[in-house]
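Protein chains in written order, with our numbering: chain A, 1 to 223; chain B, 224 to 446.
Don't be surprised by glycine CBs; every beta carbon is placed ideally from N, CA and C.
There are 2 protein chains.
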Amino acid sequence: MTMVPEDERRDEPARTPPTVVWHAGESSRADRQRLLGQRGGTVWLTGLSGSGKSTIAARIEARLLAAGRACYRLDGDNLRLGINADLAFGAADRRENVRRTGEIAALLADAGLVAIACLISPYREDRARVRTAHERTGVAFLEVHVDAPLAVAESRDPKGLYARARRGEIRGFTGIDDPFEPPERPDLRLETARRSIDACADALLDTIVQHGLVPPMGPLPPE
Amino acid sequence: MTMVPEDERRDEPARTPPTVVWHAGESSRADRQRLLGQRGGTVWLTGLSGSGKSTIAARIEARLLAAGRACYRLDGDNLRLGINADLAFGAADRRENVRRTGEIAALLADAGLVAIACLISPYREDRARVRTAHERTGVAFLEVHVDAPLAVAESRDPKGLYARARRGEIRGFTGIDDPFEPPERPDLRLETARRSIDACADALLDTIVQHGLVPPMGPLPPE
Numbered sequence: 001m002t003m004v005p006e007d008e009r010r011d012e013p014a015r016t017p018p019t020v021v022w023h024a025g026e027s028s029r030a031d032r033q034r035l036l037g038q039r040g041g042t043v044w045l046t047g048l049s050g051s052g053k054s055t056i057a058a059r060i061e062a063r064l065l066a067a068g069r070a071c072y073r074l075d076g077d078n079l080r081l082g083i084n085a086d087l088a089f090g091a092a093d094r095r096e097n098v099r100r101t102g103e104i105a106a107l108l109a110d111a112g113l114v115a116i117a118c119l120i121s122p123y124r125e126d127r128a129r130v131r132t133a134h135e136r137t138g139v140a141f142l143e144v145h146v147d148a149p150l151a152v153a154e155s156r157d158p159k160g161l162y163a164r165a166r167r168g169e170i171r172g173f174t175g176i177d178d179p180f181e182p183p184e185r186p187d188l189r190l191e192t193a194r195r196s197i198d199a200c201a202d203a204l205l206d207t208i209v210q211h212g213l214v215p216p217m218g219p220l221p222p223e
Numbered sequence: 224m225t226m227v228p229e230d231e232r233r234d235e236p237a238r239t240p241p242t243v244v245w246h247a248g249e250s251s252r253a254d255r256q257r258l259l260g261q262r263g264g265t266v267w268l269t270g271l272s273g274s275g276k277s278t279i280a281a282r283i284e285a286r287l288l289a290a291g292r293a294c295y296r297l298d299g300d301n302l303r304l305g306i307n308a309d310l311a312f313g314a315a316d317r318r319e320n321v322r323r324t325g326e327i328a329a330l331l332a333d334a335g336l337v338a339i340a341c342l343i344s345p346y347r348e349d350r351a352r353v354r355t356a357h358e359r360t361g362v363a364f365l366e367v368h369v370d371a372p373l374a375v376a377e378s379r380d381p382k383g384l385y386a387r388a389r390r391g392e393i394r395g396f397t398g399i400d401d402p403f404e405p406p407e408r409p410d411l412r413l414e415t416a417r418r419s420i421d422a423c424a425d426a427l428l429d430t431i432v433q434h435g436l437v438p439p440m441g442p443l444p445p446e
């Protein structure tokens with residue numbers, strides 16, 4: 001057995017007859033959105049290691065759930081222990097990591113959820129590709145730059161990785177010997193060195209509402 | 224640049240220090256389940272091309288949505304046009320296709336949805352691996368054999384693929400020159416040559432309720 005059935009192949013009419021055909025089903029994204037009472041979409045947090053992406057993602061997940069909004073957090077590290085566990089070294093794997101995470105976020109958003117992706121995703125081109133994958137199908141996409149100066153992120157060093165990178169134990173570490181390309185026109189920029197996590201979460205939730213991913217949320221319910 | 228930052232690497236303590244660490248966040252699966260009013264889980268439809276997997280998946284998706292249950296359909300063909308578009312030929316790609324689909328289903332189920340996966344997934348070992356990935360994290364997994372005799376599936380031939388396989392234009396086609404390994408102990412077997420799509424959908428929905436993925440559903444609302 002060396003071939004997969006052609007109906008499991010990529011649809012590339014120029015090379016093979018079209019055998020992979022989209023199955024639209026009986027239900028639409030609008031049906032799912034109606035059920036959940038929200039439009040959904042992807043919120044993509046990009047930034048240096050230690051910038052606060054995971055912390056902010058966890059906070060807005062909790063706030064959205066408390067407000068009755070369906071959401072799911074895609075933490076880059078967590079995916080690295082699951083679907084992306086086969087990816088390891090090199091530029092190609094890094095790009096593939098961002099691509100897959102983007103596709104999964106788009107599926108969750110198509111399901112009507114707010115997908116909250118947080119991963120370094122240092123390259124502009126890779127993030128642009130994710131945005132395109134969303135816009136192609138009309139799924140909302142917000143790029144959020146979780147922005148802390150390198151010195152601040154390095155001083156936090158929650159996993160001790162900057163120290164190891166400085167000692168030369170890690171090569172190609174973003175911010176040390178590999179670039180972080182900041183978004184040129186992010187939908188939101190959160191300066192975590194100057195504002196509290198809750199203030200950042202407030203600003204992000206406002207943006208999520210303003211872009212119509214979820215309806216306006218009332219005040220926090222009492223504990 | 225030839226290396227990814229170590230904090231994006233697979234957690235393999237035997238080879239590298241643990242740098243990919245699970246971020247638990249502030250919210251639990253139980254929080255998400257409570258919001259949606261259901262436990263969620265994965266329903267995995269396996270069977271020959273033409274057996275009726277996609278049709279049944281679309282029908283139960285519509286029925287679940289009509290009953291107010293959050294769900295999402297992962298059609299193998301549709302994923303081949305997105306996250307799995309890089310996979311094409313050979314046994315390794317086929318296995319990877321099933322693995323990724325399983326991981327995505329597990330994420331959706333962890334989000335509290337009923338994930339409805341439909342793809343040939345012909346090999347027992349690959350499906351067993353998907354089940355293990357679910358059970359490892361306590362996510363419900365139902366394996367459903369959509370079972371039609373080869374002669375029936377071939378006579379349906381909705382995409383004309385059996386005809387092409389018989390003419391030798393497609394190699395490694397499941398049921399023709401590549402095996403389908405039927406589940407030995409499926410959670411449900413649906414004989415689509417003997418029962419209508421709606422009867423199959425009824426049986427599957429009963430099983431979904433019996434296994435606690437969603438609470439009991441009332442009668443269909445009027446159109």
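- For Ala115 (chain A), the three-state secondary structure derived from DSSP is strand.
- Neighbourhood of Ala58 (chain A) in chain B, by CB distance below 9 Å: His246, Ala247, Gly248, Glu249, Ser250, in chain order.
- Bounds of the alpha helix (DSSP H) holding Asp31 (chain A) are 29-36.
- 8 Å or more divides the Cβ of Cys118 (chain A) from the Cβ of Lys159 (chain A).
- Ala374 (chain B) and Leu213 (chain A) have their C-alpha atoms some 48 Å from each other.
- By the 16-neighbour rule on beta-carbons within 10 angstroms, Trp267 (chain B) is buried.
- Beta-bridge annotation (DSSP): Arg412 (chain B) is paired with B:His368.
- For Ile197 (chain A), the nearest beta carbon of chain B is not closer than 8 Å to its own beta carbon.
- Between the region 102-122 of chain A and the region 64-82 of chain A there are three or more inter-stretch CB-CB distances shorter than 8 Å, so the stretches are counted as touching.
- Using a C-beta cut-off of 8 Å, the region 309-324 of chain B makes contact with the region 344-364 of chain B, since at least three inter-stretch Cβ pairs fall below that distance.
- Leu213 (chain A) sits in coil when the DSSP states are folded into three classes, being neither helix nor strand.
- Nearest CB-CB separation between Ala105 (chain A) and chain B: not below the 8 Å threshold.
- The residue from A:Ala24, A:Glu154, A:Thr42 with its alpha-carbon nearest to that of Ala193 (chain A) is A:Glu154.
- Legend: CB atoms of the region 281-301 of chain B lying less than 7 Å from CB atoms of chain A belong to residues Ala281, Arg282, Glu284, Ala285, Leu288, Gly291, Ala293, Tyr295, Arg296, Asp298, Gly299, Asp300, Asn301.
- If you draw a straight line from the Cα of Arg34 (chain A) to the Cα of Leu65 (chain A), it is about 17 Å long.
- Closer than 8 Å to the CB of Leu45 (chain A) there is not a single CB belonging to chain B.
- Annotated as distal: Ala285 (chain B) and Ser196 (chain A), with beta-carbon spacing of 8 Å or more.
- Counting of Cβ neighbours within 10 angstroms places Arg80 (chain A) among the buried residues, the total reaching 16 or more.
- When only Cα atoms are considered, Asp187 (chain A) and Leu428 (chain B) end up about 42 Å apart.
- Under the 8 Å criterion on CB atoms, Leu205 (chain A) is classed as non-interfacial with respect to chain B.
- In this structure Thr265 (chain B) is in contact with Val362 (chain B), their Cβ atoms being roughly 7 Å apart against a cut-off of 8 Å.
- Judged by DSSP secondary structure, Val266 (chain B) falls within the beta strand (DSSP E) whose first and last residues are 264-269.
- In the DSSP assignment, Asp401 (chain B) is bridged to B:Thr397.
- Looking at the DSSP output, Tyr295 (chain B) bridges to B:Ala338.
- Contact annotation: Arg282 (chain B) and Ala424 (chain B) have beta-carbon atoms nearer than 8 Å.
- For Ala386 (chain B), no CB of chain A lies under 8 Å from its own CB, so it is not counted at the interface with that chain.
- In this chain, the alpha helix (DSSP H) harbouring Ser277 (chain B) covers 276-289.
- With the rule of 3 Cβ pairs closer than 8 Å, the region 349-360 of chain B counts as touching the region 322-329 of chain B.
- Secondary structure note for Gly102 (chain A): its alpha helix (DSSP H) is the uninterrupted segment 90-110.
- Using beta-carbon distances, Val130 (chain A) does not count as an interface residue toward chain B, since no partner is under 8 Å.
- A direct Cα-to-Cα measurement between Leu310 (chain B) and Gly299 (chain B) gives close to 12 Å.
- The alpha-carbon of Asn301 (chain B) is positioned some 18 Å away from that of Asp380 (chain B).
- About 7 Å separates the beta carbons of Thr207 (chain A) and Leu142 (chain A), which is inside the 8 Å limit, making them a contact pair.
- Its chain contains Ala111, Gly112 as the residues whose beta carbon lies nearer than 7 Å to that of Arg32 (chain A), once the 5 sequence neighbours on both sides are disregarded; these appear in chain order.
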